[in-house]
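Asker:
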Amino acid sequence: MSTPAVVEKNTAPATAPQAPTVTGRPVKAATKTMLAGFDLGTNKSCILAGPAGTSDMTLSKVLPTVVGYVKEGIVDGIIAGNATILFGEDALNNMLHVDLVAPIAEGVIAHPAAARDFFQRVRSLIDPSGQAEIRTVVGIPANTSDKAREDIRQCALGIFDRILLVPEPFLSALGFRDDARVGQTGYVDPVTNSLFIDIGGGTSDLCRVQGCFPTREDQICIPFAGDAIDEILHSELDRLYPNNGLSRHKVREIKEAHAYVGPVRKPIDVRVIMGGKAHMLELGEALGRAANTLIDKIYPALTTLIARASSDSVVTLLQNIIVTGGGSQIKGIDAVLQKRLTDDGFESPKVKLAGQDYKRYVAIGALKAARAARENQWQFLLT
Amino acid sequence: MSPITAEDEFLVVLSTVRATYGPASINETDLKEIVATEESRVADAAVIAELIASRMTALQTSTTASTPSAPSSAQAETNRPASTPAPFASSVSTSPFSIADLIDGMLAQEKRDVRQPAQR
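Heads up: the sequence lines are chains A and B, in that order.
Letter by letter, the first sequence follows residues 3 to 385 in our numbering.
Letter by letter, the second sequence follows residues 31 to 150 in our numbering.
(1) State yes or no: is the beta carbon of Val47 (chain B) nearer than 8 Å to at least one beta carbon in chain A?
(2) Check whether chain B comes within 8 Å of Met59 (chain A), counting only Cβ atoms and requiring the distance to be less than that.
(3) Under a Cβ-count criterion, where at least 16 other Cβ atoms within 10 Å of its own Cβ denotes burial, should Tyr360 (chain A) be classed as buried or exposed?
(4) With 16 as the cutoff for other CB atoms within 10 Å, does Ser350 (chain A) come out buried or exposed?
(5) For Thr217 (chain A), would you say it is in contact with chain B, using Cβ-to-Cβ distances shorter than 8 Å as the test?
(6) Just the C-alpha distance for Pro53 (chain A) and Met36 (chain A), rounded to the nearest angstrom, thanks.
(7) Could one say the Cβ of Pro28 (chain A) lies closer than 8 Å to chain B's Cβ atoms, at least one of them?
(8) Compute the distance between the beta-carbons of Thr44 (chain A) and Glu135 (chain A), then report whether it is under 8 Å.
(9) Check Glu284 (chain A) in the structure and name its three-state DSSP category.
(10) Hey, is Asp74 (chain B)'s beta-carbon within less than 8 Å of any beta-carbon in chain A?
(11) Using a beta-carbon distance below 8 Å, is Val77 (chain B) in contact with chain A?
(12) Using the beta-carbon of each residue, which ones in chain B are nearer than 9 Å to Val110 (chain A)?
(13) Cβ closer than 9 Å: which chain B residues qualify as neighbours of Ile335 (chain A)?
(14) Quick one: residues in its chain with C-beta nearer than 6 Å to the C-beta of Ala292 (chain A), no 5 flanking neighbours on either side, listed in chain order?
(15) Quick check: the Cα distance between Glu63 (chain B) and Ser70 (chain B), rounded to an integer number of angstroms?
(16) So, does the CB of Lys370 (chain A) fall closer than 8 Å to a CB anywhere in chain B?
(17) Chain A partners of Ile133 (chain B), CB-CB under 8 Å?
(18) Where do the ends of the beta strand (DSSP E) carrying Lys354 (chain A) lie?
(19) Tell me the rounded alpha-carbon separation between Gln105 (chain B) and Asp180 (chain A).
(20) Since Leu369 (chain A) and Gly55 (chain A) are thought to touch, with beta carbons under 8 Å apart, how far apart are those beta carbons, to the nearest angstrom?
(21) Check whether the Cβ atoms of Glu170 (chain A) and Asp220 (chain A) sit closer than 8 Å, and answer yes or no.
(22) Do the CB positions of Leu61 (chain A) and Phe89 (chain A) come within less than 8 Å of each other?
(23) Within 10 angstroms of its Cβ, does Leu197 (chain A) collect 16 or more other Cβ (buried), or is it exposed?
(24) Looking at the secondary structure, which residues open and close the beta strand (DSSP E) in which Gly52 (chain A) lies?
(25) Which chain A residues are close to Leu61 (chain B), counting only those with a beta carbon under 8 Å from its beta carbon?
(26) First and last residue of the alpha helix (DSSP H) that includes Asp359 (chain A)?
(27) Would you kindly work out how many angstroms separate the C-alpha atoms of Arg183 (chain A) and Asp58 (chain A), rounded to a whole number?
(28) Give a yes or no on whether the minimum CB-CB distance between Leu137 (chain B) and chain A is below 8 Å.
(29) Mark Lys46 (chain A) as exposed unless 16 or more other C-beta atoms lie within 10 angstroms of its C-beta, in which case mark it buried.
(30) With Thr138 (chain A) as the anchor, note down where its beta strand (DSSP E) starts and where it stops.
(31) Decide yes or no for the touch test of the stretch 90-102 of chain A against the stretch 62-81 of chain A: beta carbon pairs closer than 8 Å, at least 3 of them.
(32) Count the CB pairs spanning the stretch 332-344 of chain A and the stretch 210-218 of chain A that are closer than 8 Å, and state whether there are at least three.
(33) Could you pull out every residue in the same chain whose Cβ sits closer than 8 Å to the Cβ of Ile297 (chain A), ignoring the five residues on either side in sequence?
(34) Using a Cβ cut-off of 8 Å, pull out every chain A residue sitting near Ala130 (chain B), in sequence order please.
(35) Under DSSP, the beta strand (DSSP E) around Tyr71 (chain A) begins and ends at which residues?
(36) Three or more beta-carbon pairs under 8 Å between the stretch 155-175 of chain A and the stretch 367-382 of chain A, yes or no?
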């Protein structure tokens, strides 16, 4: 294992850090501190940020987690500002002219150099002046390995000043929690007793949240999520319509618009352009087969976590199963999971969807955590 | 009968404009961009509301504070003996669970995991 890039500093002062070993940028007295909640997703990241000590939010952005390195030989003026690196939508919009690199795969860093460039971009969004101290809570998949955690810290070294890595499903629970309603009659605090299913691009994370920080036993991470569904759907398309020429990006679009789980829905006619001509493809079975695979993967993990709950808590837990992340947009996912639980004899289960703001719950939770973290809980990034 | 939503109203207006000025009067790409922009604004507003809600609740609680013999959760948090006060916390949750305590639990768990790597 490499040298850890982090150290806890229990007696850290409340002012800007003076640690001489912080590297990357010159060590200087920061003029202000910015707190950020950073949902580092495989396909999309969400960043919320604001100055420390306030409830102001100066940044709220969803950014595709992709870096585009401009190809050599592109003539001046094609890329705005003749930039050499593009990020997010800019990179995707110029995919003809860039080499696209996805820094994250299955929830962990796959391309460290691209990840550092992406982090640098995130930093510049949080603090365009480049002068502030940046403290960020980063969402990571449940049960992320030590090595994967260390990879994130190494990539953040010299870009962010202090960091906290917190499992995404727990941050989802914090983000989903309506603080203003906590304590009101009829409001069930999701942090008290709930089970979150966070289906992202690279991983599906399941987590029981029962009033204390989830242990490893409370969390299960499955390396099967949106991207895996895309792959299955792409294979089906290739089988049904050889030489279709559809890009992975297009396949993802089709999935996001039409994916469903449960019994086969037919017909689902999808208009696509192949070889310059419009075609109408019937994809009912293909979409169902691809998305139902997700249910087969996450259901055993769901029942495992339910079985691990104490008899005192399990009935309430079953009433608070919440699906979030991009996978929550798959049509019927709540109903299908609830029906399977009911059919298997679980006591009055209720599976709910987190809602349209699913992209931001992890980042909201992360920013809440950043604002609540005590001084001694932040970790310095060191060489 | 379900109430008319803003989306319903928008669709009615859109249909009227298209019926009056022709189907090409509103560019589909422009329309998508406008809808995306507005969706983003609504999402931002929701996030801001979410984040300031706890602060407003805390302010409300402090104005209706109980007697000194029954300190609020905010005071209890401030009096926490084991650690430095959180200078950057924008507010202290009035809920039974302190996020900082939950983070303590996470960090303690990480330390245990470091000490017992063989069990993982």
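The beta-carbon is built from N, C-alpha and C at its ideal position, and this holds for glycine as well.
Answerer: According to the structure data:
(1) No, Val47 (chain B) does not count as interfacial toward chain A.
(2) So yes, Met59 (chain A) belongs to the interface.
(3) Taking all protein chains in view, the Cβ of Tyr360 (chain A) is crowded by 16 or more other Cβ atoms within 10 Å, so the residue is classified as buried.
(4) So Ser350 (chain A) counts as exposed.
(5) Under the 8 Å criterion on CB atoms, Thr217 (chain A) is classed as interfacial with respect to chain B.
(6) Pro53 (chain A) and Met36 (chain A) have their C-alpha atoms some 4 Å from each other.
(7) For Pro28 (chain A), the predicted structure reports a pLDDT of 47, less than 50, and the residue's modelled location is therefore unreliable. The matter cannot be settled from this model.
(8) Result no, Cβ atoms of Thr44 (chain A) and Glu135 (chain A) do not sit closer than 8 Å.
(9) Glu284 (chain A) falls in the strand class under three-state DSSP.
(10) Answer yes: the Cβ-Cβ gap between Asp74 (chain B) and chain A drops below 8 Å somewhere.
(11) Yes, because at least one Cβ of chain A sits closer than 8 Å to the Cβ of Val77 (chain B).
(12) Within chain B, not a single residue places a beta-carbon under 9 Å from that of Val110 (chain A); the smallest gap is close to 16 Å.
(13) Neighbours of Ile335 (chain A) in chain B, taken as residues whose beta carbon is under 9 Å from its own, are absent, since the nearest beta carbon is some 21 Å off.
(14) Within the same chain, Ala292 (chain A) has close Cβ partners Ile231, Ile234 and Leu235.
(15) Going from the Cα of Glu63 (chain B) to the Cα of Ser70 (chain B) covers about 10 Å.
(16) Judged by the 8 Å Cβ criterion, Lys370 (chain A) is in contact with chain B.
(17) What Ile133 (chain B) touches in chain A: Leu166, Val168, Phe215, Ala371, Ala374, Ala375, Arg376 and Gln379.
(18) It spans Val353 to Leu355 - the beta strand (DSSP E) in which Lys354 (chain A) sits, taken as one unbroken run.
(19) Confidence is the limiting factor: at Gln105 (chain B) the pLDDT is only 38, short of 50, which leaves the residue's position unreliable and the question unanswerable from this model.
(20) Between Leu369 (chain A) and Gly55 (chain A), the beta carbon gap of about 14 Å keeps them out of contact (Cβ cut-off 8 Å).
(21) Judged by their CB atoms, Glu170 (chain A) and Asp220 (chain A) are not nearer to each other than the 8 Å cut-off.
(22) No, Cβ-Cβ distance for Leu61 (chain A) and Phe89 (chain A) is not below 8 Å.
(23) It is buried - the Cβ of Leu197 (chain A) has at least 16 other Cβ atoms within 10 Å.
(24) Going by DSSP, Gly52 (chain A) is part of the beta strand (DSSP E) stretching over Lys46 to Pro53.
(25) Listed along chain A, no residue sits closer than 8 Å to Leu61 (chain B) by beta-carbon distance, the nearest being about 17 Å off.
(26) Careful: Asp359 (chain A) lies outside any alpha helix (DSSP H) and carries neither H nor E.
(27) Roughly 21 Å separates the two Cα atoms.
(28) So yes, Leu137 (chain B) belongs to the interface.
(29) In the assembly as shown, Lys46 (chain A) is a buried residue. Its beta-carbon has 16 or more other beta-carbons within 10 Å.
(30) First-last of the beta strand (DSSP E) with Thr138 (chain A): Glu135 to Ile142.
(31) The stretch 90-102 of chain A, when compared against the stretch 62-81 of chain A, does touch it at the 8 Å Cβ threshold.
(32) Cβ pair count under 8 Å is below three, so no.
(33) Spatial neighbours of Ile297 (chain A) in its own chain (CB-CB distance under 8 Å, excluding positions within 5 residues in sequence) are listed in chain order as Val263, Ile335, Val338, Leu339 and Arg342.
(34) The contact set of Ala130 (chain B) on chain A, defined by CB atoms closer than 8 Å, consists of Ala374, Ala375, Arg376 and Gln379 in chain order.
(35) That run of the beta strand (DSSP E) goes Val69 to Val72.
(36) With the cut-off at 8 Å, the stretch 155-175 of chain A and the stretch 367-382 of chain A touch.
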